[in-house]
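Engineer: Provided herewith is a single structure, encoded as structure tokens, for subsequent inquiry.
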Amino acid sequence: MPFQPNSPAARDVAYVLHPYTNFEAHEEKGPMIIERGEGIYVYDDSGKKYIEGMAGLWSTSLGFNSERLKQAAMKQFDTLPYYHTFAHKAHLPSIDLAEKLISKMPVPMSKVFFNNSGSEANDTAIKIIWYYNNALGRHHKKKIIGRMNGYHGITLAASSLTGRTMNHRGFDVPLANFIHTDEPHHYSKCNPGESEEDFATRLAENLENMIIEEGPDTVAAFFAEPVMGAGGVIVPPKTYFEKIQKVLNKYDILLVADEVICGFGRTGNYWGSETFGMKPDILVCAKALSSSYLPISATIINDKVYEPVKKASAELGAFGHGYTYSGHPVCAAVALETMKIYDEENIIEKVQGVAPYFQKGIRSFADHPLVGEARGVGLLGAIQVMQDKESKKPFEASAGVGPMIANLATEEGLMLRAVGDSIAFCPPLIITESQIDEMFAAFRRGLDRALDHLRKEGQAVA
Ligand code: PMP
């Protein structure tokens with residue numbers, strides 16, 4: 373496509389390397405330029421309005437124009453726009469935010485380490501786990517277990533932990549010491565007639581067999597998102613975490629809850645760990661921590677982990693890890709204000725109030741001819757399409773049906789994200805019932821257009 377010379381689109385194609393993008397296709401299609409946002413809506417540079425059905429990247433919990441967050445940033449810019457937290461230096465925003473986070477933890481926790489992104493927070497967790505086991509003299513206890521289709525980010529360690537081929541292919545990861553166990557998706561992975569509970573039992577047995585095969589004294593930690601987000605909004609089967617944690621406890625393996633998507637009310641409780649009975653040793657959060665207005669993430673550890681790490685840092689002279697921007701004062705001030713808004717506006721109760729309506733809306737698509745499964749929890753959901761829903765026959769991946777549906781929804785004024793043939797919904801937490809109606813009406817228009825198109829091509833069975 374020819375771009376107007378010197379237009380933003382032409383300059384984007386000329387200069388910007390975009391994340392998660394087919395570069396060749398980008399040179400053809402150019403960018404979609406988003407200009408401004410308001411509440412749950414964003415506007416492109418032609419003025420067209422879209423519902424942000426994904427809260428950006430599962431993240432803009434308070435919508436796109438919070439005056440309070442803007443003011444919090446401005447106030448901190450006026451006082452101290454930057455200072456670091458290395459080697460005993462501190463500032464109030466990071467102290468206040470750490471205290472606030474510890475007060476909200478789903479299980480007793482001890483200390484908070486700040487990073488800039490979800491990926492970095494997971495890398496920090498992995499490095500702390502290795503340091504911890506070295507401190508305990510368990511030099512071989514280093515393997516980290518993730519799950520197939522789990523998502524933990526894209527830095528070297530985090531992408532190794534991530535269980536998606538698209539994040540491994542071409543990059544020479546996963547690194548050594550990262551292994552992956554089953555994806556807990558009952559709908560697509562259960563045996564015929566297998567209940568959710570029996571499926572969970574089988575997955576826990578598979579995990580235990582993997583640990584025994586690898587050698588329990590070589591396995592350090594298990595990372596899990598309460599609900600797998602970027603893997604397609606996979607809600608774990610009943611009894612899953614109870615059974616998994618029994619196995620982990622038996623072999624002294626740490627549990628890390630990656631709450632980067634699920635934290636701060638998304639699943640209907642403050643933490644996904646509460647919704648699913650997880651008792652993590654380490655909790656990782658980001659995204660809604662600052663409503664994504666500024667980059668900040670946290671790795672939060674319990675005393676069991678902290679005590680040996682503390683001792684080793686004394687013996688080694690220092691814990692040799694930290695980012696220039698760890699606990700950046702403006703980011704921390706905005707995050708603290710975000711958490712205050714969650715408290716003052718009773719965001720958890722708000723999500724609990726609106727979630728049944730949202731879930732009913734998601735499930736209203738279950739009888740659509742294209743839809744195999746409609747699933748979700750809290751304000752998180754997905755619709756998975758199938759070529760033949762009766763026999764659970766998927767479309768060929770190369771047909772790109774999921775992305776086509778997401779694109780058609782975008783044409784209908786709704787931003788969504790396709791994960792293969794699952795289309796994810798993760799709207800800002802401030803969404804109202806009438807906006808939920810508006811969102812699902814736009815989605816239905818897109819889905820029906822996709823069905824028409826697939827029927828014309830002879831691809832849809834129904
Ligand atoms: N963990 C989870 C569960 C995530 O969903 C993501 C991002 N989608 C990450 C980690 C990585 O976060 P970031 O993109 O900020 O590095």
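Just so you know, we're using my numbering here: the sequence shown kicks off at 373 and counts up by one.
From the three backbone atoms N, C-alpha and C, an ideal C-beta is built for every residue, glycine too.
Could you pull out every unbroken beta strand (DSSP E) segment of at least 3 residues lying fully inside the segment 396-472, listed in chain order?
Structural biologist: Taking only runs of at least 3 residues, the beta strand (DSSP E) segments lying wholly in the segment 396-472 are 406-410, 413-416, 421-424.
Engineer: To the nearest angstrom, how far is it from the Cα of residue 700 to the Cα of residue 502?
Structural biologist: If I take the Cα positions, the gap works out to 26 Å.
Engineer: Taking the beta carbon of residue 843 as the centre, do at least 16 other beta carbons fall within 10 Å, making it buried, or is it exposed?
Structural biologist: With the chain covering only 373 through 834, there is no way to say anything about residue 843.
Engineer: Mark residue 631 as exposed unless 16 or more other C-beta atoms lie within 10 angstroms of its C-beta, in which case mark it buried.
Structural biologist: Looking at its Cβ environment, which holds 16 or more other Cβ atoms inside 10 Å, residue 631 is buried.
Engineer: Figure out for me which residue from 531, 733, 813, 549 has the closest Cα to the Cα of residue 541.
Structural biologist: Selected option, being the one with the closest Cα: 531.
Engineer: Could you check if residue 377 is buried or exposed, using at least 16 other CB atoms within 10 Å of its CB as the buried criterion?
Structural biologist: By the 10 Å Cβ count, residue 377 comes out exposed.
Engineer: Do residue 605 and residue 754 have their C-beta atoms within less than 7 Å of each other?
Structural biologist: Taking 7 Å as the Cβ cut-off, residue 605 and residue 754 qualify as a contacting pair.
Engineer: Is it the case that the segment 481-500 contacts the segment 626-641, given that we only count it when at least three CB pairs across the two stretches are under 8 Å?
Structural biologist: Touching, yes.
Engineer: What residues match up with residue 516 in a beta bridge as DSSP calls it?
Structural biologist: Note: residue 516 sits in a beta bridge opposite 550, 593.
Engineer: Could you pull the start and end residues of the alpha helix (DSSP H) that residue 630 belongs to?
Structural biologist: That residue, residue 630, is in no alpha helix (DSSP H); its beta strand (DSSP E) goes 626-630.
Engineer: Could you pull out every residue in the same chain whose Cβ sits closer than 6 Å to the Cβ of residue 534, ignoring the five residues on either side in sequence?
Structural biologist: Hits under 6 Å: 523, 524.
Engineer: Look at the Cβ atom of residue 704, then the Cβ atom of residue 478, and state whether they are nearer than 7 Å.
Structural biologist: The answer is no: Cβ separation not under 7 Å.
Engineer: Decide if residue 438 is buried, meaning its Cβ has at least 16 other Cβ atoms within 10 Å, or exposed.
Structural biologist: Buried, by the Cβ-count rule.
Engineer: For residue 752, does the three-state DSSP call read helix, strand or coil?
Structural biologist: Residue state, collapsed to three classes: strand.
Engineer: Within 6 Å: the Cβ of residue 524 and any heavy atom of the ligand PMP?
Structural biologist: True, at least one ligand heavy atom lies under 6 Å from that Cβ.
Engineer: Are the CB atoms of residue 793 and residue 772 within a distance shorter than 7 Å?
Structural biologist: No, they are not a contact pair.
Engineer: Taking buried to mean at least 16 other C-beta atoms within 10 Å of its own C-beta, is residue 543 buried or exposed?
Structural biologist: It counts as exposed.
Engineer: Can you list, in chain order, the residues of its chain with a C-beta nearer than 7 Å to that of residue 648? Leave out the 5 residues immediately preceding and following it.
Structural biologist: Contacts found: 598, 608, 613.
Engineer: DSSP puts residue 776 in a beta bridge; with which residues?
Structural biologist: Beta-bridge pairing links residue 776 to no other residue.
Engineer: So, for residue 786: in the same chain, excluding its five sequence neighbours on each side, which residues have a beta-carbon less than 8 Å away from its beta-carbon?
Structural biologist: Excluding positions up to five away in sequence, the list reads 422, 423, 425, 811, 814, 815, 818.
Engineer: Which residues bound the beta strand (DSSP E) around residue 487?
Structural biologist: Residues 483-487.
Engineer: Just checking residue 545 against the ligand PMP - is the residue's beta carbon closer than 6 Å to any of the ligand's heavy atoms?
Structural biologist: Not under cutoff, so the answer is no.
Engineer: If I measure Cβ to Cβ from residue 408 and keep anything under 6 Å in the same chain, skipping five residues before and after, which residues do I get?
Structural biologist: So the list reads 415, once near-sequence residues are dropped.
Engineer: I'd like the ranges of any alpha helix (DSSP H) spanning at least 4 consecutive residues and lying wholly in the segment 610-681.
Structural biologist: Complete alpha helix (DSSP H) runs here, min 4: 612-622, 644-647.
Engineer: Assign residue 487 to buried or exposed, taking buried as 16 or more other Cβ atoms, counted over all protein chains shown, within 10 Å of its Cβ.
Structural biologist: Label assigned to residue 487: buried.
Engineer: Have a look at residue 564 and residue 456 and give me their C-alpha separation to the nearest angstrom.
Structural biologist: Computed Cα separation, rounded: 56 Å.
Engineer: Taking the alpha-carbon positions, what's the residue 624 to residue 504 distance?
Structural biologist: So the two alpha carbons sit approximately 13 Å from each other.
Engineer: For residue 761, which three-state DSSP category applies?
Structural biologist: Three-state result, residue 761: coil.
Engineer: Can you find at least 3 beta carbon pairs, one from the segment 727-747 and one from the segment 380-395, that sit closer than 8 Å?
Structural biologist: Short answer: they don't touch.
Engineer: Please list the terminal residues of the continuous beta strand (DSSP E) segment that includes residue 795.
Structural biologist: Its beta strand (DSSP E) spans residues 794-797.
Engineer: In chain order, what residues of the same chain have a beta carbon less than 6 Å from the beta carbon of residue 671, not counting five sequence neighbours either side?
Structural biologist: Within the same chain, residue 671 has close Cβ partners 485, 493, 496, 497, 656.
Engineer: Is residue 630 near the ligand PMP, in the sense that its beta carbon is under 6 Å from a heavy atom of that ligand?
Structural biologist: Within the cutoff, so yes.
Engineer: I need the straight-line Cα distance from residue 451 to residue 592, nearest angstrom please.
Structural biologist: Approximately 43 Å, taken between the alpha carbons.
Engineer: Cβ-heavy atom distance between residue 489 and the ligand PMP below 6 Å?
Structural biologist: Checking every heavy atom of the ligand PMP against the Cβ of residue 489, one is found closer than 6 Å.
Engineer: Mind checking whether the beta-carbon of residue 633 lies closer than 6 Å to any heavy atom of the ligand PMP?
Structural biologist: Yes; taking the cut-off as 6 Å, the Cβ of residue 633 has a heavy atom of the ligand PMP nearer than that.
Engineer: Regarding residue 601 and the ligand PMP, is the C-beta to nearest heavy atom distance less than 6 Å?
Structural biologist: The answer is yes for residue 601.
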